[in-house]
Structure formats: structure tokens, C-alpha cells
Amino acid sequence: MADGSLRGTLGVVIPRVLSIAGSDSGGGAGIQADLKAFAACGVHGMTAITAITAQNTVGVTTVHAVPPEVIIAQVKAVADDIGVDAVKIGMLGDRPTIEAVVHALATLPETTPVVLDPVMVSESGAVLLDPEARSALAGLLFPRATVGTPNVPEARTLVGDGAGGLDAPDLARRVYALGPQVAVVTGGHREPLRDVFFDGEQLVELDGE
């Protein structure tokens, strides 16, 4: 694995961040949105694409899953040459994809920070992952995450709160119990937006953006 660093003007070290997510042809989400955010933060963005989607502002018309071995190869390619300082994970799609990402993360140093922002529930409320994929996400990937950031509908799906009886602080505690070092349950798709942070000791409610 590469241990070199990228340097900008005046020798400033540029962090190297890998996005593992789906490609959004409309540019409003997924890999494309991550790369824009990375650039705005002054970091070098790299990608491992998990799915190719045909979508626009109206909706998604096609989703093509990338083979698991290709996902692993993408991560290995950037890690072996450029190096990875942090990872951000988005759309995964199915259990084989999740297992491939778990395998790929195992090739990185255990100290590599991982932000897991699962794509599980659409804005219309439709669940996007089948039960096997949800089980793999909760049991295999969340324990590897430094920070897990599901929104409220996704957190309910993760912890089995289909009836909606848990409030956001309780959801944050349940998500934290899945294994991430920190759980941040975001406000979701409705107003008002409020995020809840829980690290096993401190619970903080924040105004969302």
C-alpha cells in the first residue's frame, strides 16, 4: 500500500479521500456529489463505483450493479498507488456489493476513518435494500464504520423500528449499538431537520442543514 502523500502549493499535504458509492448521471448525488464536496473541502477525491444509475431530477430509470470483484479492484488500485486517508460509503445496493466493500476495507489500515452514509430509503419512503442486504449492512459494515450517518427512515429500517415508535435519540443509541464509533442520525427528508449525535456517552441534538 502506498504511503506517499499528495502536496499542493507551499508543500501543503492534501488528504486523499475515497468515495465508495453509486454513479448519478444527473450529478446531484452519489459519486459526483461526493467529488464536488471533496473538491470544495480541498481534498483529493478518488472513487470506487458500486453501481451505475441513469437518473435525473425526476427519478431513477436504470440501475446497473458493478461486479463485486471490480469494486474490490478499484479500491486496491487507488490504495496501492495513491493511498487512502479516509473513506466515505454511500449506495451499495445488495449483499454481494456490501460483502465486497467489507473485503476491500480489510485491505486498508484498521485506523482508516470510514464514514458510512447508507442509501436505504428513497425520498418517497420506498425501502431500497432487501432483507439480506440490510442484515449485511448492519452486521458486517456498521461495525467497521467510524461514523454511521443514516437518516431517520434509514435508522428505523436498520434497527427494526417499522412502527416508528422510537424517537431520534433512541434511534441514535440503537444505531450506535450496531458497532460504529459514533452514530449521527440525520433529520431525513422532512422538516424541521434535526441531527442527533451519540458516541456511547454524549448525546447531542443539532440543528440540521
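If you count the sequence shown from 1, position 86 lands on 594 in our numbering, and the numbers rise without skipping. From the three backbone atoms N, C-alpha and C, an ideal C-beta is built for every residue, glycine too. Since the structure is predicted, the reported quantities are computational estimates derived from the model, not experimental observations.
According to DSSP, residue pairing for Met554 in a beta bridge involves Leu526. Straight through space, the alpha carbons of Gly536 and Ala562 are spaced by roughly 12 Å. Sixteen is the threshold: since fewer than 16 other Cβ atoms of the shown chains lie within 10 Å of the Cβ of Val521, the residue is exposed. A distance of 8 Å or more separates the beta carbons of Asp542 and Ala559. With 16 or more other Cβ atoms inside 10 Å of its own Cβ, Thr555 counts as buried. Setting aside the 5 residues that flank it on each side, Gly656 is surrounded in the same chain by Leu624, Phe650, Val683, Pro688 and Ala691, each with a C-beta closer than 6 Å to its C-beta; the list follows chain order. Here DSSP, grouped into helix, strand and coil, assigns Gly538 to helix.
The C-beta of Leu714 has fewer than 16 other C-beta atoms within 10 Å across all chains shown, which makes the residue exposed. By the neighbour-count definition (other C-beta atoms within 10 Å, threshold 16), Asp703 is a buried residue. The stretch 639-686 contains no complete beta strand (DSSP E) run of 3 or more residues.
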